[in-house]
Amino acid sequence: MVAVNMDASRHQYLTFMLADEEYGVDILTVQELRGWQETTPIPNAPSYVLGVINLRGVVIPIVDLRDRFGLERMEYGPTTVVIIVKVIASGKERVLGIVVDAVSEVYDIANSDLQPPPDMDGAISIDFITGLATMDKKMVILLDINRLVHEGILSKSKSPMPATAPATEAA
Amino acid sequence: MAVDLDQFKQIFFEESFEGLETMETGLLGMTDGETNLDIVNDIFRAAHSIKGGSATFGFTAVASFTHVMEGLLDEMREGKRQADQTVINILLESVDEIRTLMTAYQNREDPDTDQAQLLQQKLEAIFGGSGNTAAAPEKESANKSEAAEENRLLGWHIEFTPHDNLLITGNDPALLLSELAYLGKMTMVMEDGALPPFTEMNPERCYLRWKIDLLGVNDEGTDAAQTEEAQIREIFEWVEDECDLVVKGIYPERKASDRRAGDRRQPGQLEDRRQSDRRTGPRRPDDKAPAAQPTTIRVDTNRIDALIDMVGELVITQSMLGQLGEDFDMSKLSRLKEGLEELERNSREIQDAVMKVRMQPISFAFNRFPRMVHDLSQKLGKKIRLELVGEDTEMDKTVMEKINDPLVHLVRNSLDHGLETPDKRIAKGKDEEGVVCLKAYHQGGSIVVEVSDDGNGLDRNKLFAKGVERGLIKETDVLTDEQIYMLLFAAGFSTAETLSDISGRGVGLDVVRRNIESLGGNVDVRSVLGEGTVFTIRLPLTLAVLDGQLLKVDGQTYVLPLNSIIESLQIDPNAISSLAGDAEVYQLRDAYIPMVSLSELFATGEEKPRGEEKHCALLVIVEWADKRIGLMVDDLLGQQQVVIKSLETNYERVPGLSGATILGDGTVSLILDISGIIEMSTRVREQAMNTRRATGKRNRVA
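Quick mapping for you: the protein sequence lines, in order, are chains A and B.
First residue of the first sequence: 1, per UniProt numbering; consecutive thereafter.
First residue of the second sequence: 1, per UniProt numbering; consecutive thereafter.
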């Protein structure tokens, strides 16, 4: 582990793998890491909301980031990792789990080393990206997890009326 | 170490608001012209504690105001004064004022003391008759905080009233007065009001009195401000016993209060103020968005003791089980089972007891209504009797807090629109006194609160016309009475002909309905034209625990609130008929009940080609707000109490679900929301119908 850096211009990021891409989230938003467990599906929710689980008496939703980012889904198994994050969305603190392929590293990245994301169309809006960083010659995509959850997950899961098929993410 | 006063302040505020309620209830219980000593004592004690506390915490506005009020109460207590309507009304106003001041202090704002001072004047005016002196010095001390500049003596005001034997004793008022003129610039008013007609006048008697102001510098250069009271008294020394003498200093501040005293003589002015206050909304503390205060609850100590006893038992059971587990063999199986049963009983009892801690009698919510009815009946010129039934009915504190505003709204509606004026009532052959009744009782797992009046009732035709006018319904619609009454709860619907400041403005009944529904309750209305209206609010007893029926649909376990289930039955395929193509209804005895497939509604089942619909084995007939539907389910499991967890905490509201719970095996199960499901299924059916109509049209065009 990298020593805690109190410098405000530097942040620690926890990175994880999705397909072959490496993504990072501010480590302060990460509450814990868990193994995959069976979820209770929520009716009429978007496909990337896998359902809810019981986290020590609290009901929290689990989101499949692969599905949300338009990547092919993986089989969930005992080695699948769920990152439990605590975010501020709609003025409230919310806890939710995101399913990723594997957890990778903890990096200490200075804000000045961040590059703005290129303007591009994709499954995720560049609004959800804090910036890009290069670590060990690899690109790491740093996510603005608060924004992603607030605008990219919760607001999108406004259930469409039933009878229409569950919403599939328009890429 | 500095003492943290804040925690005491919080307690003080709570106690004071309780005290104010006691005062209010007491005052309302007093009848005109009759002083009930017990009640007066109660009120006095409450006022006294508020005064003491507020002085301690430096809430001077409250302290000084309460002091004056207390003086008046003291007189009542000693029997010097009777409680007539004027006194009661002004005391009620004072209670309101103290509440406003306290709320300001609680929110750490500077209280607006103008109103308090006006009321204080009013109180003193009533009070003044007998014991002005008791209040005056205190009032001065309350004003001590005024700047020193304002306490600077400007001059003297003297009232000289000779007794009629002054001349006989050989004294000459003229000499005394000219003596006074040496002390400062003198202005003098002589009052000859007591002067009898000339024929009856006794020349040896003195009939005159004088009001003298010594203010400023006289011709000799003596400033009245430098004069001392003793100098003035000295002049009158010889006539002390033959006259009444009042000597008062004139201060700038005193001048101001004199002006205010002038206002008092014009009662209209005070009225105007109050009117304008009403226009900007009633000055009730709960109108303001209160600063985030920690909420507390008062609990009967017996309940806490019972809880502690139960925890004690739980600990015993736990240690018994622990011992058993240390060297367990099969011979001890029966003891283990006993222990587990004991544990189950303990935890159920504790759960009940903990729930009871949150339960409070609904009288807390009802208590404010006598006052409201008292005030409004005077304002509206109606004679109204308020009846409260079932005040001991207990309900969850959270539910009660949220039901408060809807109740106020409904009662105001009844008073304003429901009940007629006395002459109209007499013309209709009713008792001139209208009755508004608040009734609370338990029914199944719900608590029911009824607001009823014996007034005019709802006019079906008027409502219908209004609904058409507002575009809520079409003229050609055929509606049942019930449907028409429900129009009242539609947004933007008001039957009030004129807007009054009591109701017909601000939040409408649609807000009332929304508030109640957000608590998982419902509201309906029954009415007979000319005889009265009844609003019925139905609410869940508690928001935390639910008696649930577990059921399975597509492999998922759901929880259905037990109290919404009418019956469940095995589906007989012959009883199913289809209605308008798509919708299926089930014939149950003499009723047709729409069937709803949870699997379709929640889209959890695998897509099935049309016509090959899966047939569930069981139909659960559920009811919500007099609507019945049949839910198709695969299997019914056990019944159990479940703890409700919100889905919104970390996710968001899901239509058709009221929350989630955690089952014994640790998995999450979703709780069905019957009203939501009914709404969803209706909408799905409409949607299906529209699509069919649209495709039909397209086909014809093609």
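Even for Gly, the Cβ is constructed at its ideal location relative to N, Cα and C.
Nothing here was measured: the structure is a model prediction, and the numbers come from that model.
**Q.** DSSP state of Gln579(B) mapped onto helix, strand, coil
**A.** It is Leu, not Gln, that sits at residue 579(B) in the sequence shown. Here Leu579(B) sits in strand by DSSP.
Q) For Phe12(B), does the three-state DSSP call read helix, strand or coil? A) helix
Q. So who's on the other strand from Arg385(B), going by DSSP bridges?
A. Val435(B)
Q) Are Ile43(B) and Leu20(B) close, meaning C-beta to C-beta below 8 Å? A) no
Q. According to the neighbour-count rule (16 or more other Cβ atoms, all chains shown, within 10 Å of its Cβ), is Phe328(B) buried or exposed?
A. exposed
(Q) Here's the rule I'm using: 16 or more other beta-carbon atoms within 10 Å means buried, otherwise exposed. How should Asn461(B) be labelled? (A) exposed
Q) Got a sec: is the Cβ-Cβ distance from Val448(B) to anything in chain A below 8 Å? A) no
Q) Of all the CB atoms in chain B, is at least one closer than 8 Å to the CB of Thr40(A)? A) yes
(Q) Using only CA atoms, which one of Ser564(B), Tyr586(B), Pro561(B) lies nearest to Pro573(B)? (A) Tyr586(B)
Q. Under the three-state reduction of DSSP, which class applies to Lys466(B): helix, strand or coil?
A. helix
Q: Please check the pair Gln7(B) and Val68(B), which I expect to be a contact at CB under 8 Å, by giving their CB distance rounded to whole angstroms.
A: Contact annotation, Gln7(B) with Val68(B): C-beta distance approximately 30 Å; criterion of less than 8 Å not satisfied.
Q | Contact under 8 Å by Cβ, Val512(B) with His409(B) | A | Yes, these two residues count as a Cβ contact at 8 Å.
Q: Please list the residues of the segment 84 to 112 of chain A that have a C-beta atom closer than 7 Å to any C-beta atom in chain B, keeping them in chain order.
A: Arg94, Val95, Leu96
Q.
Could you check whether the Cβ of Glu612(B) sits closer than 8 Å to any Cβ belonging to chain A?
A. For Glu612(B), the predicted model reports a pLDDT of 46, less than 50, meaning its position is unreliable and no value from the coordinates is stated.
Q: Could you pull out every unbroken beta strand (DSSP E) segment of at least 3 residues lying fully inside the segment 354 to 438 of chain B, listed in chain order?
A: 359 to 361, 384 to 389, 394 to 396
Q | Residue environment, Arg73(A), which counts as buried when at least 16 other CB atoms sit within 10 Å | A | exposed
Q: Check each residue of the segment 636 to 649 of chain B: if its Cβ is closer than 8 Å to any Cβ of chain A, include it; give the result in chain order.
A: Contacts with chain A (Cβ-Cβ distance below 8 Å) from the segment 636 to 649 of chain B involve Lys645, Ser646, Leu647, Thr649, listed in chain order.
Q: Within the UniProt domain "CheW-like" (545 to 683) of chain B, note down every full beta strand (DSSP E) run reaching 3 residues or more, in order along the chain.
A: 545 to 553, 556 to 561, 565 to 570, 576 to 579, 583 to 588, 591 to 597, 618 to 624, 627 to 633, 635 to 643, 657 to 662, 668 to 672
Q | Val87(A) vs Val49(A) beta-carbon contact at 8 Å | A | no
(Q) Under 8 Å: do the segment 182 to 191 of chain B and the segment 220 to 230 of chain B share three or more Cβ pairs, one atom per stretch? (A) yes
Q: Using alpha carbons as the reference points, say which of Thr301(B), Leu321(B), Glu326(B) lies closest to residue 709(B).
A: Residue coverage of chain B in this structure runs from 1 to 702, which leaves residue 709(B) outside it and unanswerable.
(Q) Against chain A, does Ala291(B) count as a neighbour if the rule is that its beta carbon must be under 8 Å from one of theirs? (A) The pLDDT assigned to Ala291(B) is 44, lower than 50, so where the model puts this residue is not dependable; a value taken from the coordinates is nonetheless given after this. No, Ala291(B) lies away from the interface with chain A (no Cβ there is under 8 Å from its Cβ).
Q: Return the CA-CA distance between Thr60(B) and Arg45(B), expressed in angstroms with no decimal places.
A: 19 Å
Q) Under three-state DSSP, which class holds Val134(A)? A) What sits at residue 134(A) in the sequence shown is Thr, not Val. Reduced to three states, the DSSP call for Thr134(A) is strand.
(Q) Counting only C-beta atoms, is Ala603(B) closer than 8 Å to chain A at any point? (A) yes
Q) Between the C-alpha atoms of Leu562(B) and Ile60(A), what's the straight-line distance to the nearest angstrom? A) 25 Å
Q) For Thr134(A), does the count of other Cβ atoms within 10 angstroms reach 16, so buried, or fall short, so exposed? A) Taking all protein chains shown into account, Thr134(A) has fewer than 16 neighbouring C-beta atoms within 10 Å of its C-beta and is therefore exposed.
Q | Residue from Ser527(B), Arg526(B), Arg685(B), Ile537(B) whose Cα sits closest to the Cα of Gly520(B) | A | Ile537(B)
Q. What residues in the segment 622 to 636 of chain B have a beta carbon less than 9 Å from any beta carbon of chain A?
A. none
Q.
Based on DSSP bridge pairs, tell me the residues matched to Ala110(A).
A. Arg10(A)
Q | Cα-Cα separation, residue 723(B) to Ala660(B) | A | The first residue shown for chain B is 1 and the last is 702, placing residue 723(B) beyond what the model contains.
Q: Give the DSSP bridge partners of residue 720(B), in chain order.
A: Outside the shown range of chain B, which is 1 to 702, sits residue 720(B), and nothing can be said about it.
Q) Closest to Trp156(B) by CA distance: which of Asp431(B), Met188(B), Ala174(B), Ile362(B) is it? A) Among Asp431(B), Met188(B), Ala174(B), Ile362(B), the Cα nearest to that of Trp156(B) belongs to Met188(B).
Q: Assign Ile129(A) to one of two classes, buried (16 or more other C-beta atoms within 10 Å of its C-beta) or exposed (fewer than that).
A: buried
**Q.** Tyr207(B) in three-state terms, based on DSSP
**A.** coil
Q. Between the beta-carbon of Val553(B) and the beta-carbon of Asp634(B), is there less than 8 Å?
A. yes
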